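Asks: Below is the structure I would like to discuss, written out as C-alpha cells.
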Amino acid sequence: MSLPPSERRDFIREMIADDLASGKHTAPVTRFPPEPNGYLHIGHAKSICLNFGIARDYASIGGRCHLRFDDTNPSKEDQEYVDSIESDIRWLGFDWGENLYFASNIFDFFHECATSLIQQGLAYVDEQNVEAIRAQRGNLTTPGQASPFRDRSVAENLEAFDRMKAGKFEEGKAVLRAKIDMASPNMNMRDPVIYRIMFADHHNTGSKWCIYPMYDFAHPLEDAFEHITHSLCTLEFENHRPLYEWVIDHCPVPSHPRQTEFARLNLTYTVMSKRKLLQLVQEKRVTGWDDPRMPTVSGMRRRGYTPEAIRNFCQTIGITKFNGFTDVALLEYSVREDLNAKAPRRMAVLNPLKVTIRSFSEDFAESIEVQNNPERAEDGTRLVPLTREVWIERDDFMDDPPKKYFRLGPGRTVRLRGGYCITCVDVVRDDQGDVTELICEHIPGTIGSNPPEGVQCRAAIQWVSVKHAVDGEIRLYDRLFTVENPDAVEEGFLSVMNENSMSVIANAKLEPSLANVPAEYHCQFERIGYFVSDRKDHIPGQRVVFNRAVALKDSWAKKQK
RNA sequence: AGCCCUAUGGUGUAAUUGGCAACACACCUGAUUUUGGUUCAGUAUUUCUAGGUUCGAGUCCUGGUAGGGCUACCA
Numbered sequence: 394m395s396l397p398p399s400e401r402r403d404f405i406r407e408m409i410a411d412d413l414a415s416g417k418h419t420a421p422v423t424r425f426p427p428e429p430n431g432y433l434h435i436g437h438a439k440s441i442c443l444n445f446g447i448a449r450d451y452a453s454i455g456g457r458c459h460l461r462f463d464d465t466n467p468s469k470e471d472q473e474y475v476d477s478i479e480s481d482i483r484w485l486g487f488d489w490g491e492n493l494y495f496a497s498n499i500f501d502f503f504h505e506c507a508t509s510l511i512q513q514g515l516a517y518v519d520e521q522n523v524e525a526i527r528a529q530r531g532n533l534t535t536p537g538q539a540s541p542f543r544d545r546s547v548a549e550n551l552e553a554f555d556r557m558k559a560g561k562f563e564e565g566k567a568v569l570r571a572k573i574d575m576a577s578p579n580m581n582m583r584d585p586v587i588y589r590i591m592f593a594d595h596h597n598t599g600s601k602w603c604i605y606p607m608y609d610f611a612h613p614l615e616d617a618f619e620h621i622t623h624s625l626c627t628l629e630f631e632n633h634r635p636l637y638e639w640v641i642d643h644c645p646v647p648s649h650p651r652q653t654e655f656a657r658l659n660l661t662y663t664v665m666s667k668r669k670l671l672q673l674v675q676e677k678r679v680t681g682w683d684d685p686r687m688p689t690v691s692g693m694r695r696r697g698y699t700p701e702a703i704r705n706f707c708q709t710i711g712i713t714k715f716n717g718f719t720d721v722a723l724l725e726y727s728v729r730e731d732l733n734a735k736a737p738r739r740m741a742v743l744n745p746l747k748v749t750i751r752s753f754s755e756d757f758a759e760s761i762e763v764q765n766n767p768e769r770a771e772d773g774t775r776l777v778p779l780t781r782e783v784w785i786e787r788d789d790f791m792d793d794p795p796k797k798y799f800r801l802g803p804g805r806t807v808r809l810r811g812g813y814c815i816t817c818v819d820v821v822r823d824d825q826g827d828v829t830e831l832i833c834e835h836i837p838g839t840i841g842s843n844p845p846e847g848v849q850c851r852a853a854i855q856w857v858s859v860k861h862a863v864d865g866e867i868r869l870y871d872r873l874f875t876v877e878n879p880d881a882v883e884e885g886f887l888s889v890m891n892e893n894s895m896s897v898i899a900n901a902k903l904e905p906s907l908a909n910v911p912a913e914y915h916c917q918f919e920r921i922g923y924f925v926s927d928r929k930d931h932i933p934g935q936r937v938v939f940n941r942a943v944a945l946k947d948s949w950a951k952k953q954k
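All letters in the first sequence, in the order written, are residues 394 to 954 by the working numbering.
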C-alpha cells in the first residue's frame, strides 16, 4: 500500500517525526543556506522544497525555515546573487518571514568561538604556507604529520590570532587550525584550517575583517546560533559530519543542531555545476544566468516553467541517499501536466505555406470562435479571423503522403482548427517543382460538425489568416546538453555553444490576438510542441501554449522510424 | 590503497518496519478526440551477488561485487 506522493514521507521527515514524538524538539527548524556566488538552479529547488516544505508542514506548531546566506568567502560573493536568490525563492512560492540571516552578521560570534578553542588548547595558529600544510596532511592511506606550530602555548596562540585579526600577517602567512587528530582516517579531522586571512572587501562587512572562517567551522556555528534543529545538506558533506559535531561539542553554542545528508539532484542531459554555469555566463555563451536555456530557476521561469510544476517535480523525485540520475523527462512531465490544465492556447505557424481557399470570395471574412483551452471551458473563447488566404505549417502538407498521415495532401481533407474542413484541389509549384501554394475548397457547414459521409477528415491543423497574421519571432530553445561520457563534457559544451543547437525561427506567423506583442516566444518542450510566452504584457500572469507546431514534426518523425 | 555512504523494472521512488513487491515517468498496443495534445484501457520489464538466521527476508547477519564521496587557506 503505497501512499500518494503528497503524503509520502522520506527518511528525513520520518526522523523529524520521531524527534517530535520523543520530545527532543517541539518544532523543526530548518534552513536553506546558499552561498551568494551564483543563481539558484533546479538542484537548489530540491533543497528549497525540502527545507521550506518541512517548515510548512509543521507551521502550525512553530516549524520554520531560515534563509541564510553563507557568505564567508568575500572573494566569490556578490549582492546581485543575494537579490536573485531571494526573488527566486519567493517565486517558487516560499517565504522565510522574519528569518533572514547572514553568516557575515555573526563574525564576532565565530571569533569568540575560535578564541575559546584556543583557550581550551584545541586550536593553534600555523604559520606555515599552504604547500607545507598540504604536504604534512598525508594522504588517503598514510597518516599526517604534526605541524611544528602544533604545540604552541595558549598565550602564544592567542597573541598570534590577534595579530592575524589585526592584519599583521600577509595573506597566506598564517591560519588558525583546530587541533584534532593528524592520523584520523577522515581527512577532514586532520587539524582542519578554520580561519584564513583574506584582505578582501565583503559585500556586507566591507573591510572590517581580514580573517574569515572556513565552512566547516562556520556552518555548525551558524546552525547552532540560529537554533536550527535539523541541518540538511547534500551527500558530499557526509565526511564532514564528525567535524561538524566536533565544533558543536567544543564551542560555547546555544543549541545542538544535527546534520543529515541527502542526495543532490542529477538530471540527464543537464549541466548543473555552478562552476560551469558561471563559465557559460562569463564567456557569454548564454545571454545571462536567466537565459531560457539555463537550468537556473530564473531561466526556467523565462522558459515557461511554473512554480507549481517545479514543486511537483521535487515532490515526485523524493529524498533519499541514493546518488542516481533523474531522467529529465520527469521534469518535462511536471510542466506539461501543469500547463496542460492552465495555459491558454494560441495558433502559430513557424514555417508558412500559403493556402488559398478558392470557394471563398476575395473579400470573405468570418470570425471563428475558438476555445481558449479545451481542458477548461471556463477560460472562454476568442474570435479568430478567417479569410480567403491562410498560412499553414509546411509540414502539414505532404505531396505523397504515406498511410497513417492524416493531414493535407493532394485531394485530401483536413480541418482548419476551430473552422471548416478544407480539401486540397490543386498544388502550385515554382520552377524547381517546390510547393509554393495550395488551392483548397472548404466544405460548408463543417464548423462544429463533421463533413458528410464518405469524406475523410481526421486531423485539425493550425492556421493564421494571411491578412491578419502578426509577424513575430518564435525561438526554440534547446536544453544545455552534456554528453553521456563524462570525459567528454567539454565537448558537450562545444555543442552547446554551437548556434545550431538553438534554432531561431524568425517571421513566424502569429494569431492576431498576439498583435501587441513584439514576440519572443520560448519553446516549452519542442518534443511535444509547447510554446510558452514569457511576455507578461501579453496575457498578464498567464502562459500561452502554442500547440502542435513542433510536436507534429517530432511525433511524426518518431512514427517514421 | 584507507575511511565513509549507497544499491528495488529503462528512470525516480514506495512497501503498514520480518508477511501477496507497488506508484509515477518512459516505452509499446488499442480506444476516444475539432490540438497526432488531453483522456481512457491494456502489454512488457523489478529487489546487485553468494551464504546464513527464520514457518516466512527487499527488509536482519556475514562475505563479495558495483557506484559515489574524501587528500581546498571553496562552499
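For each residue, glycine too, the CB sits at the ideal point set by N, CA and C. On a predicted model such as this, the values are computed, not experimentally measured, just so you know.
Indicate whether HIS459 and ARG424 have their beta-carbon atoms separated by less than 8 Å.
Replies: Going by C-beta atoms, HIS459 is nearer than 8 Å to ARG424.
Asks: Kindly indicate which three-state DSSP category LYS747 falls into: helix, strand or coil?
Replies: DSSP places LYS747 in strand when its eight states are reduced to three.
Asks: Taking only runs that begin and end inside the stretch 632–693, name each unbroken alpha helix (DSSP H) of 4 or more residues, in chain order.
Replies: Counting whole runs of 4 or more residues, the stretch 632–693 contains the alpha helix (DSSP H) stretches 634–643, 667–675.
Asks: Mark PHE404 as exposed unless 16 or more other C-beta atoms lie within 10 angstroms of its C-beta, in which case mark it buried.
Replies: It counts as exposed.
Asks: Taking all protein chains shown into account, decide if PRO541 is buried (16 or more other Cβ within 10 angstroms of its Cβ) or exposed.
Replies: That one is exposed.
Asks: Are the CB atoms of ASP471 and GLU428 within a distance shorter than 8 Å?
Replies: No.
Asks: Between ASN843, VAL859, ALA862, LYS860, which lies nearest to ALA853 when the distance is taken from Cα to Cα?
Replies: Residue ASN843 is the option with its Cα nearest to ALA853.
Asks: Whole-angstrom Cβ separation of ILE832 and VAL818, contact assumed at under 8 Å?
Replies: Going by Cβ atoms, the distance from ILE832 to VAL818 rounds to 6 Å, so yes, they are a contact pair.
Asks: Tell me whether the beta-carbon of VAL547 lies closer than 8 Å to the beta-carbon of GLN512.
Replies: A contact, by the Cβ cut-off of 8 Å.
Asks: Which residues bound the beta strand (DSSP E) around ALA571?
Replies: Taken as a continuous stretch (DSSP letters only), the beta strand (DSSP E) holding ALA571 covers 568–571.
Asks: PHE610 bridges to which residues according to DSSP?
Replies: DSSP, once it has assigned bridges, lists no residue as partnering PHE610.
Asks: In whole angstroms, what is the alpha-carbon distance linking VAL475 and LYS735?
Replies: Going by the C-alpha atoms only, they are around 32 Å apart.
Asks: Is it right to say GLY692 is buried, meaning 16 or more other beta carbons lie within 10 angstroms of its own, or is it exposed?
Replies: Counting Cβ neighbours within 10 Å, GLY692 comes out buried, since at least 16 surround it.
Asks: Residues in its own chain within less than 7 Å of PRO911 by CB, not counting five upstream and five downstream?
Replies: In this prediction, PRO911 scores a pLDDT of 29, lower than 50, which makes its location untrustworthy; the coordinate-derived value is nonetheless stated afterwards. Nothing listed; no residue qualifies.
Asks: Taking all protein chains shown into account, decide if VAL748 is buried (16 or more other Cβ within 10 angstroms of its Cβ) or exposed.
Replies: The residue is buried, with at least 16 neighbouring Cβ atoms inside 10 Å.
Asks: Using the Cβ count rule (16 or more neighbours within 10 Å means buried), how would you classify SER666?
Replies: Burial call: exposed.
Asks: Should PRO767 go down as buried or exposed, given a rule of 16 or more other Cβ atoms within 10 Å for buried?
Replies: Exposed, since its Cβ has fewer than 16 Cβ neighbours within 10 Å.
Asks: Round the Cβ separation of THR774 and VAL763 to the nearest angstrom and send it over; I've been treating them as touching at under 8 Å.
Replies: Right, the Cβ-Cβ distance comes to about 6 Å (below 8 Å), so this counts as a contact.
Asks: Just how far apart, CA to CA, sit THR508 and ARG545?
Replies: Taking the straight line joining both Cα atoms gives about 14 Å.
Asks: In chain order, what residues of the same chain lie with their CB nearer than 6 Å to the CB of GLY811, ignoring the 5 residues before and after it?
Replies: These residues qualify, in order along the chain: ILE761, VAL763.
Asks: Is it a yes or a no for the stretch 444–462 touching the stretch 557–568, going by three-plus beta-carbon pairs under 8 Å?
Replies: Output reads no: the stretch 557–568 does not touch the stretch 444–462.
Asks: Can you give me the start and stop residues for the beta strand (DSSP E) that THR774 sits inside?
Replies: Where THR774 is concerned, the enclosing beta strand (DSSP E) stretches over 774–780.
Asks: I need the straight-line Cα distance from GLU619 to TYR608, nearest angstrom please.
Replies: Whole-angstrom Cα-Cα distance: 16 Å.
Asks: For PHE495, which residues does DSSP report across the bridge?
Replies: PHE462.
Asks: Does the beta-carbon of ASN765 have 16 or more other beta-carbons within 10 angstroms, so that it is buried, or is it exposed?
Replies: Per the 10 Å Cβ criterion, buried.
Asks: Which of the three DSSP states is assigned to GLU407 in this structure?
Replies: In the structure shown, GLU407 sits in a helix (DSSP, three-state: H, G or I).
Asks: Would PRO536 pass as a contact of ALA576 if the rule is Cβ separation under 8 Å?
Replies: In this structure, ALA576 lies closer than 8 Å to PRO536 by Cβ.
Asks: When you compare the stretch 439–456 with the stretch 570–584, are there three or more beta-carbon pairs, one atom per stretch, that lie closer than 8 Å?
Replies: Flag = no, the stretch 439–456 and the stretch 570–584 do not touch.
Asks: What do you reckon, are the CB atoms on THR971 and ARG657 nearer than 8 Å?
Replies: Nothing can be reported for residue 971, as the shown portion of the chain is limited to 394 through 954.
Asks: Got a sec, what are the start and stop residues for the beta strand (DSSP E) CYS814 sits in?
Replies: CYS814 -> beta strand (DSSP E) spans 814–822.
Asks: Using DSSP with H/G/I as helix, E/B as strand and the rest coil, what is PHE542?
Replies: In this structure, PHE542 counts as coil in the three-state DSSP scheme.
Asks: Sort out for me which residues DSSP pairs CYS833 with in a bridge.
Replies: ILE750, CYS817.
Asks: Can you say whether VAL857 is buried or exposed, counting buried as having 16 or more other CB atoms within 10 angstroms of its CB?
Replies: By the 10 Å Cβ count, VAL857 comes out buried.
Asks: Pull up the distance between the alpha-carbon of ARG668 and that of SER497, whole angstroms please.
Replies: Taking the straight line from one Cα to the other gives about 23 Å.
Asks: On a CA-only basis, which of LEU493, HIS596, HIS612, ILE478 is nearest PHE503? Give me that one, please.
Replies: The option with the nearest alpha carbon to PHE503 is HIS612.
Asks: Which whole-angstrom value describes the C-beta separation of VAL828 and LEU746, a residue pair presumed to lie in contact below a C-beta threshold of 8 Å?
Replies: That belief holds up - the Cβ atoms of VAL828 and LEU746 are roughly 7 Å apart, short of 8 Å.
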